[in-house]
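Participant:
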Amino acid sequence: MGTRFAQASFTTYSQGLASLGPVFRVQLGISLVATGALLTAVSIGTALTLVAWGLLTDRIGERTVLAVGLGGAGLCLALAAYATSFPPLLALLVLAGMFGACSIAAGGRAVLGWFGPRERGTALGVRQMAGPLGAGLAAAALPLLALGWGLRGALLSLALVSLLAGLLCGIWIRTPPGAPSAASAAGKRSPLADSRIWRLALGGSLLVAGQLTLVNYLVLFLNEHRHWAPAAAAVVLAVIQFGGAGSRVLVGFWSDRRGERLGLMRLIAAAGAITLAAVALLADAPVAILVPLLLVTGIISMSSNGLGFTATGEIAGQARAATAMGFQNTALFVTGTVAPIGFGVLVTVAGWPAGFAALALLAAAGWLVLRPLERLEEGGWTGAAEMEFGDGARV
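Just so we're aligned, residue 101 is where the sequence shown starts under my numbering, counting upward by one.
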């Protein structure tokens, strides 16, 4: 419960802030590119500290890391609520990302320790479901909060959620029975020396580029290109977030039944490339065609996250899972930072269809990069990791 709330609280601002894009533009008087920088500021901070949080978690455990990190993120968001110009707001959102990154590496390791190899996909899918649920609630609520209490009220509400999550993690999180000690982690080969971890991080990054960019720019696209009201556009984003939440659980369950992660990731990559290409072609199509297509595209783009994290943890083993997952998420967030900014520049120069076409190419590249890993997984690459994790302890 604690890890799910931690993940949800983090995504309320790491992804939910996208619904405030038009508010940022109006109140701060900034450009589309500057707005994109604000919306990816949390990702920048996250990328800077994910590996460090993973290393710390492998040494001192999840409970302390989550309590301190989420509490720090809440304080940064509270200060951001009182920022009145672009530079301090950008800096404080980066700091919020640096603290909030703890929820990704630490929370994933905690889940992996409690479940066996035929349950991890579903378990991590449930945990990853909390992310889009939190983001979806934020996407629906933040524009209304900003309308009633201004940008400050919206940011203070995010601060409160993060502080509450830190408190609950300090109360609820427990160490799984038989969890490896810090000494055992120190004696093992670093997962950063494993080429499979690097390839998986690269392939996952190419897939997540479409997800984070679409989430960040969907409201702006519908508002500026199709002239929708921000609140109406935010509803579309919220539906995508909720649909994406459900898809992560279903895909995780499917992967447990099939006993594979990478084959499904490649299938999702191919579907994402096709649907993003369709969005590029139909960006000016009637709303009755475009909106359902955006919903399908967004849900597909969000469905693979749990698979990548599960595979990463299984390759690394529990003693080093937080470090490995921290590294993978660093790669994901670097891509999630660069891709939206590059997307904003490309849209400014060449238009929205060109931006969506570029995202389709990235998804196709992810499909290619992951191909060798699918073959390795078919050969039983997780055997050693399953022995280390064991059958999974249950509560």
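Backbone N, C-alpha and C fix where the C-beta goes; we use that ideal spot for every residue, glycine too.
Alpha helix (DSSP H) containing residue 60: first to last residue?
Facilitator: No statement about residue 60 is possible, as the shown extent of the chain runs from 101 to 495 and does not include it.
Participant: Skipping 5 residues on each side, what residues in its chain have a beta carbon closer than 6 Å to that of residue 456?
Facilitator: 376, 379 and 380
Participant: Indicate the three-state DSSP secondary structure (helix, strand or coil) for residue 294 in the structure shown.
Facilitator: coil
Participant: Which whole-angstrom value is the C-beta distance of residue 169 and residue 316, which I expect to be below 8 Å?
Facilitator: Contact flag wrong, Cβ pair sits at about 23 Å.
Participant: In the DSSP assignment, the alpha helix (DSSP H) including residue 368 goes from what residue to what residue?
Facilitator: 362-381
Participant: Should residue 133 go down as buried or exposed, given a rule of 16 or more other Cβ atoms within 10 Å for buried?
Facilitator: exposed
Participant: What did DSSP end up calling residue 386 once you bin it into helix, strand or coil?
Facilitator: Correct three-state label for residue 386: coil.
Participant: Is DSSP giving residue 327 helix, strand or coil here?
Facilitator: coil
Participant: Under the assumption that residue 336 contacts residue 318 (Cβ atoms under 8 Å), give the Cβ distance between them as a whole number of angstroms.
Facilitator: Right, the Cβ-Cβ distance comes to about 7 Å (below 8 Å), so this counts as a contact.
Participant: Nearest to residue 341 by CA position, among 227, 388, 399 and 389, is which residue?
Facilitator: 399
Participant: Exposed or buried, which one is residue 162 when buried takes at least 16 other CB atoms within 10 Å?
Facilitator: buried
Participant: Going by CA-CA distance only, name the one from 268, 114 and 448 that's closest to residue 242.
Facilitator: 114
Participant: Find the nearest neighbour of residue 360 within the set 474, 270 and 177, judged by alpha-carbon distance.
Facilitator: 474
Participant: For residue 447, count neighbouring C-beta atoms within 10 Å of its own C-beta (all shown protein chains included) and say buried if the count is 16 or more, exposed if not.
Facilitator: Buried: at least 16 other Cβ atoms inside 10 Å.
Participant: Quick one, are the C-beta atoms of residue 406 and residue 326 less than 8 Å apart?
Facilitator: no
Participant: Residue 470 and residue 310: beta carbons closer than 8 Å?
Facilitator: no
Participant: Taking 7 Å as the limit between beta carbons, can you name the residues of its chain near residue 177, skipping five residues before and five after?
Facilitator: 113, 196, 255, 258, 259 and 262
Participant: Give me the Cβ distance between residue 234 and residue 146, rounded to the nearest whole Å; I'm assuming they're in contact under 8 Å.
Facilitator: That pair is no contact at about 15 Å.
Participant: My understanding is that residue 300 touches residue 107, with C-beta atoms under 8 Å, so please give their C-beta distance in whole angstroms.
Facilitator: Between residue 107 and residue 300 the Cβ distance is about 20 Å, and since that is not below 8 Å, they are no contact.
Participant: Return the first residue and the last residue of the alpha helix (DSSP H) that residue 125 is part of.
Facilitator: 121-128
Participant: In its own chain, which residues sit with a C-beta less than 6 Å from the C-beta of residue 125, not counting the 5 before and 5 after it?
Facilitator: 135
Participant: Do you know offhand how far residue 425's Cα is from residue 362's?
Facilitator: 16 Å
Participant: Using only the alpha-carbon positions, how far apart do residue 441 and residue 140 sit?
Facilitator: 8 Å
Participant: What is the DSSP secondary structure of residue 109, counted as helix, strand or coil?
Facilitator: helix
Participant: Going by beta carbon distance, what residues of the same chain come within less than 7 Å of residue 401, once the five residues before and after it are set aside?
Facilitator: For residue 401, where only same-chain residues beyond five positions count, the Cβ hits under 7 Å are 310, 311, 314 and 372.
Participant: Could you spell out the range, first to last residue, of the alpha helix (DSSP H) harbouring residue 190?
Facilitator: 186-200
Participant: Which residue wins for smallest C-alpha separation from residue 158, given the options 245, 419, 408 and 109?
Facilitator: 419
Participant: Out of 188, 116, 122 and 308, point me to the one whose CA is closest to residue 236's CA.
Facilitator: 116
Participant: Looking at the secondary structure, which residues open and close the alpha helix (DSSP H) in which residue 418 lies?
Facilitator: No alpha helix (DSSP H) holds residue 418; DSSP gives it neither H nor E.
Participant: Cβ of residue 383 within 8 Å of Cβ of residue 453?
Facilitator: yes
Participant: DSSP three-state label for residue 240, please.
Facilitator: helix
Participant: Taking residue 248 as the reference, which of 476, 374, 123 and 118 has the closest Cα?
Facilitator: 123
Participant: Please return the same chain residues whose Cβ sits closer than 7 Å to the Cβ of residue 411, not counting the five positions on each side in sequence.
Facilitator: 300, 361 and 362
Participant: Under 8 Å between the Cβ atoms of residue 154 and residue 431?
Facilitator: no
Participant: Would you mind reading off the limits of the alpha helix (DSSP H) that contains residue 466?
Facilitator: 452-469
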